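*Asks:*
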Amino acid sequence: MSDSHHHHGHSHGHSHGSAGNLKVAFALNLAFTVIEVIGGILTNSVAILSDAVHDLGDSMSLGLAWYFQRLSQRGRTSQDTYGYRRYALLGGLITGLVLVLGLGFVLWNAVQRLLAPEPVNAPGMILLAIIGVVFNGAAVLRVKSGSSLTEKVVTWHLIEDVLGWVAVLVGAVIMTFWNVPVIDPLLSIGISVFIIWNVVRNLRQVFEVIIQKVPASFDVEAFEREVLRHPKVISMHDTHSWSVDGEIHVLTTHLVMQTDASRDEMIDAKSHVRTLLDEDTFEHVTVDVELEGELCVIGSGGKQHAPCSHDDDEHHHRH
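If you use the working numbering, the sequence shown corresponds to residues -13 to 305, in order.
Here you go:
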């Protein structure tokens, strides 16, 4: 007896609003990135150029987030049974790699500048830093009220940008009054290392989703212990859990129940499984029920496991 349960806790009612918010944030970020590149060259500041590379990556992230937010409105198809959510992983992967390569180039130049400091246009840096705080602050205000998880992630990313520009502003003010041009490459190195650390962390999360690891927030062993508390459940096996896109998760499992279990008790056992899962993240849950002694058939090819019994060791297949 099997049951496939699809819980859609994330409404698409706000999709158009979310896409609109991301579109505005993308436009603001892209426009300011162009200003940054020009300003960084004119002020001879590698700190501003490192932020320009960062904002270019942000623009790519926002552009891809906007595109995939619109794409998600299409829903599932016969060829994309989970919808288009998983395509967002490609956006994160491409953006992360571009950021690492770009910041590697900026770091190299910053180290050269650290060994041979050059004067910078501190007043120009102050002006750009103020514009940076305004542009990124406006983008934060636009997306911070959003309800989607994508908007929440983007909000924190933009807040990091604002803080980065505050650091540049402080450094520029210091260089206005004191002749310490070494502050500029030091700021560039600090900003670049901080960003690379965050990017590598995000790339690791993307990679874990791609290889279908168990979601980091899900404790499989604790879940299995709780499932086995049901009085009619003897054991469970062939448990798989993975994430579609880092936000929406999937779980499938086989329960072995006592031979005298009634239909209502089977339904109750499956309901027990679902109550242990977060409905906001586990949208797709499939529970298969087998009776003790029944051959376990897995896959369309009819591959069989030995008859399930109370004395058998539990076997769990985790991805």
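All C-beta atoms in this analysis are idealised placements derived from N, C-alpha and C, irrespective of residue type, glycine included. In this text, all values refer to a predicted model and were calculated from it rather than measured experimentally.
Output the distance between the C-alpha atoms of Asp231 and Thr67, rounded to the nearest integer angstrom.
*Replies:* As a first step, residue 231 is located in the sequence shown; it is residue number 245 there, counting from the start. As a first step, residue 67 is located in the sequence shown; it is residue number 81 there, counting from the start. Cα to Cα, Asp231 sits roughly 14 Å from Thr67.
*Asks:* Given Gly6, which residues of its chain have a CB within under 6 Å of its CB, disregarding the five upstream and five downstream residues?
*Replies:* Counting from one through the sequence shown, the residue named residue 6 turns up at place 20. Excluding positions up to five away in sequence, the list is empty.
*Asks:* For Val119 and Thr141, I'd like the C-alpha separation in whole angstroms.
*Replies:* The residue labelled residue 119 in the question sits at position 133 within the sequence shown. The residue labelled residue 141 in the question sits at position 155 within the sequence shown. Taking the straight line from one Cα to the other gives about 14 Å.
*Asks:* For Ala153, which residues in the same chain have their Cβ closer than 8 Å to its Cβ, ignoring the five residues on either side in sequence?
*Replies:* As a working note, residue 153 is residue 167 in the sequence shown. Result list for Ala153: Leu173, Gly176 and Ile177, in chain order.
*Asks:* Count the other CB atoms, across all protein chains shown, that sit within 10 Å of the CB of Asp250; report buried if there are 16 or more and exposed otherwise.
*Replies:* The residue you call residue 250 lines up with position 264 of the sequence shown. When all chains shown are included, Asp250 counts as exposed.
*Asks:* Is the CB-CB distance between Thr162 and Ala115 below 8 Å?
*Replies:* The sequence position of residue 162 within the sequence shown is 176, counting from 1. The sequence position of residue 115 within the sequence shown is 129, counting from 1. Not a contact, by the Cβ cut-off of 8 Å.
*Asks:* Tell me the residue span of the beta strand (DSSP E) that contains Trp228.
*Replies:* Here residue 228 refers to the residue found at position 242 when the sequence shown is read from its first residue. Val219 to Ser229 is the span of the beta strand (DSSP E), which, as asked, contains Trp228.
*Asks:* Measure the C-alpha to C-alpha separation of His0 and Val10 and round it to an integer number of angstroms.
*Replies:* Your numbering for residue 0 matches position 14 in the sequence shown. Your numbering for residue 10 matches position 24 in the sequence shown. The predicted model places His0 with a pLDDT of 46, which falls under 50 and marks its position as unreliable; any figure quoted below should be read in that light. If I take the Cα positions, the gap works out to 16 Å.
*Asks:* In the DSSP assignment, find the unbroken alpha helix (DSSP H) run with Phe180 in it and report its ends.
*Replies:* Along the sequence shown, read from residue 1 onward, the residue named residue 180 stands at position 194. Per DSSP, Phe180 belongs to the alpha helix (DSSP H) from Ile169 to Ile196.
*Asks:* Determine the contact status of Leu262 and Val200, defining contact as a CB-CB distance below 8 Å.
*Replies:* In the sequence shown, the residue the question calls residue 262 occupies position 276. In the sequence shown, the residue the question calls residue 200 occupies position 214. No.
*Asks:* Any idea what DSSP makes of Phe268, helix, strand or coil?
*Replies:* One-based indexing of the sequence shown puts residue 268 at position 282. Strand.
*Asks:* Does DSSP put Asp274 in a helix, in a strand, or in coil?
*Replies:* Indexing the sequence shown from 1 puts residue 274 at position 288. Correct three-state label for Asp274: strand.
*Asks:* Classify Gly61: buried if its beta carbon has 16 or more other beta carbons within 10 angstroms, exposed otherwise.
*Replies:* To locate residue 61, count along the sequence shown from 1; it is residue 75. By the 10 Å Cβ count, Gly61 comes out exposed.
*Asks:* Give me the Cα-Cα distance between Val159 and Ile196, rounded to the nearest whole angstrom.
*Replies:* As a position in the sequence shown, residue 159 is number 173, starting the count at 1. As a position in the sequence shown, residue 196 is number 210, starting the count at 1. Between Val159 and Ile196, the C-alpha separation is close to 45 Å.
*Asks:* If you pair each beta-carbon of the stretch 223 to 241 with each one of the stretch 179 to 198, do three or more pairs fall below 8 Å?
*Replies:* Flag = yes, the stretch 223 to 241 and the stretch 179 to 198 touch.
*Asks:* Buried or exposed: which applies to Trp94, given that a residue is buried once 16 or more other Cβ atoms fall within 10 Å of its Cβ?
*Replies:* Position 108 of the sequence shown, counted from the first residue, corresponds to residue 94. Trp94 comes out exposed.
*Asks:* In whole angstroms, what is the alpha-carbon distance linking Ala275 and Met252?
*Replies:* Within the sequence shown, residue 275 is the residue found at index 289, counting from 1. Within the sequence shown, residue 252 is the residue found at index 266, counting from 1. Correcting the residue type first, residue 275 is Val in the shown sequence and not Ala. About 7 Å.
*Asks:* Determine the extent of the beta strand (DSSP E) in which His240 is found, giving its start and end residues.
*Replies:* Against the sequence shown, residue 240 aligns to sequence position 254. Element bounds for His240: His235 to Met243.
*Asks:* Using a Cβ-Cβ cut-off of 6 Å (strictly less than) and excluding sequence neighbours within five positions of Asp298, which residues of its own chain qualify?
*Replies:* Here residue 298 refers to the residue found at position 312 when the sequence shown is read from its first residue. The predicted position of Asp298 is uncertain, since its pLDDT is 46 and thus under 50; no value can be drawn from it.
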